[in-house]
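Q: Numbering-wise (my numbering), the sequence shown opens with residue 6 and increments by one.
Beta carbons: idealized from backbone N, C-alpha and C, even for Gly.
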Amino acid sequence: MKRLLLLVCLVFLINQVNASNVDNLSAEQALEKLKAGNENYVEQKLKHPHLTTDRRLEMKTGQHPFATVLSCSDSRVPAEIIFDQGLGDIFVIRNAGNVIDDAVLASMEYAVYHLGTKLVVIMGHQNCGAVAASMASNKETQYIESSIKSPIKHSVKKCEKEHKLTADNVTVENLNHDIDLIRQKDAKLAKYMEEHNVKVIKAYYSIDTGKVTFLD
């Protein structure tokens with residue numbers, strides 16, 4: 006019985022080590038890992054890591070993602086596939102238009118404070134429907150207007166003012182606005198990230214090529 010208990014404890018400890026083997030990745034290391042995964046995706050040399058039954062069971066004891074990604078809910082933009090990652094690798098936050106709201110900020114706080122991710126990627130994409138809706142003049146439903154169009158309208162108006170109103174420019178400006186909103190709405194989180202070397206990086210995903218371009 007003692008040997009059995011010792012074996013169970015040993016297996017548990019091994020699983021804990023395996024589960025946390027990316028826990029201490031720096032922002033720079035995490036970024037390189039995402040870039041390498043996206044290159045696999047673009048070149049169709051996918052490794053499909055961490056998709057086994059063993060990996061799923063390993064994750065029962067906890068999660069240790071090496072990066073956080075805020076992206077659009079668009080069905081063509083699944084972060085785990087685009088970056089060739091698997092179970093427990095990245096903490097993904099998604100909504101239409103990758104806009105900053107209270108739920109997104111709470112999710113970022115959880116990822117940074119509790120899971121220890123050192124890299125936060127905010128990713129827009131080509132042909133974003135939320136951006137297109139925000140650029141259109143027609144009236145949408147109550148919640149599309151208030152929760153999607155209204156936040157992105159800020160970027161639409163800025164691009165109009167600067168005479169560069171295109172969908173791609175609005176998409177990129179929306180990323181800038183997201184970062185500004187993090188600082189404005191959650192100063193404590195922004196200060197923590199600065200003091201603990203947590204990097205926030207903008208990215209743009211091309212549906213045409215499959216490539217993610219990191220803008221910082």
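Is it right to say Gln-90 is buried, meaning 16 or more other beta carbons lie within 10 angstroms of its own, or is it exposed?
A: As a first step, residue 90 is located in the sequence shown; it is residue number 85 there, counting from the start. Looking at its Cβ environment, which holds 16 or more other Cβ atoms inside 10 Å, Gln-90 is buried.
Q: For the alpha helix (DSSP H) that Ala-110 lies in, which residues bound it at each end?
A: Against the sequence shown, residue 110 aligns to sequence position 105. It should be noted that the sequence gives Leu, not Ala, for residue 110. Per DSSP, Leu-110 belongs to the alpha helix (DSSP H) from 107-114.
Q: Suppose you measure from the CA of Phe-71 to the CA of Asn-181; what does that come to, to the nearest Å?
A: By one-based count along the sequence shown, residue 71 stands at place 66. By one-based count along the sequence shown, residue 181 stands at place 176. So the two alpha carbons sit approximately 23 Å from each other.
Q: Smallest Cα separation from Cys-77: which of Gly-129, Thr-171 and Gly-93?
A: Locating residue 77 in the sequence shown gives position 72, counting from the first residue. Nearest C-alpha to Cys-77: Gly-129.
Q: What did DSSP end up calling His-119 once you bin it into helix, strand or coil?
A: Residue mapping note: residue 119 aligns to position 114 of the sequence shown, counting from 1. His-119 falls in the helix class under three-state DSSP.
Q: Which residues in the same chain have their Cβ closer than 8 Å to the Cβ of Arg-188, if we skip the five residues on either side of it in sequence?
A: Mapped onto the sequence shown, residue 188 falls at position 183. Contacts found: Ala-195.
Q: Could you tell me which residues DSSP pairs with Arg-99 in its beta bridges?
A: Numbered from its first residue, the sequence shown carries residue 99 at position 94. Looking at the DSSP assignment, Arg-99 forms a beta bridge with Ser-76.
Q: Check for me: the beta strand (DSSP E) holding Leu-124 runs from which residue to which?
A: Position 119 of the sequence shown holds residue 124. Its beta strand (DSSP E) spans residues 124-130.
Q: Rounded to whole angstroms, what's the CA-CA distance from Lys-169 to Asn-179? Just pull it up for me.
A: What you label residue 169 is simply residue 164 of the sequence shown in a count that begins at 1. What you label residue 179 is simply residue 174 of the sequence shown in a count that begins at 1. So the two alpha carbons sit approximately 13 Å from each other.
Q: Kindly give me the distance between the Cβ atoms of Ile-98 and Ser-80, rounded to whole angstroms, as I take these residues to be in contact under 8 Å.
A: Working through the sequence shown from its first residue, we reach residue 98 at position 93. Working through the sequence shown from its first residue, we reach residue 80 at position 75. At roughly 16 Å, the Cβ-Cβ gap does not stay under 8 Å, so Ile-98 and Ser-80 are not in contact.
Q: Leaving out five residues before and five after Gln-68 in sequence, what residues of the same chain have Cβ atoms less than 7 Å from its Cβ?
A: Your numbering for residue 68 matches position 63 in the sequence shown. Cβ within range, chain order: Gly-93 and Leu-120.
Q: So what does DSSP say about Ala-137, is it helix, strand or coil?
A: Mapped onto the sequence shown, residue 137 falls at position 132. Helix at Ala-137.
Q: Leaving aside the five residues before and after Ile-184 along the sequence, list all residues of the same chain whose C-beta is less than 8 Å from its C-beta, in chain order.
A: Walking along the sequence shown from the start, residue 184 turns up at place 179. Here the set comprises Ile-127, Val-205 and Lys-207.
Q: Could you please give me the residues that DSSP links to Ser-207 through a beta bridge?
A: On the sequence shown, position 202 is the one that residue 207 refers to. Note that residue 207 is Lys in the sequence shown, not Ser. Note: Lys-207 sits in a beta bridge opposite Ile-127.
Q: Can you list, in chain order, the residues of its chain with a C-beta nearer than 6 Å to that of Asn-26? Leave out the 5 residues immediately preceding and following it.
A: For the purposes of this step, residue 26 is identified with residue 21 of the sequence shown, where counting begins at 1. With a pLDDT of only 42 at Asn-26, under 50, the local geometry of the prediction cannot be trusted, and the value read off the model is given with reservation. Once the five neighbours on either side are set aside, Asn-26 has no close Cβ partner at all.
Q: Assuming the contact rule is C-beta atoms closer than 8 Å, Gly-102 and Ile-153 should be a hit. Round their C-beta distance to whole Å, please.
A: Looking up residue 102 in the sequence shown gives position 97. Looking up residue 153 in the sequence shown gives position 148. Right, the Cβ-Cβ distance comes to about 5 Å (below 8 Å), so this counts as a contact.
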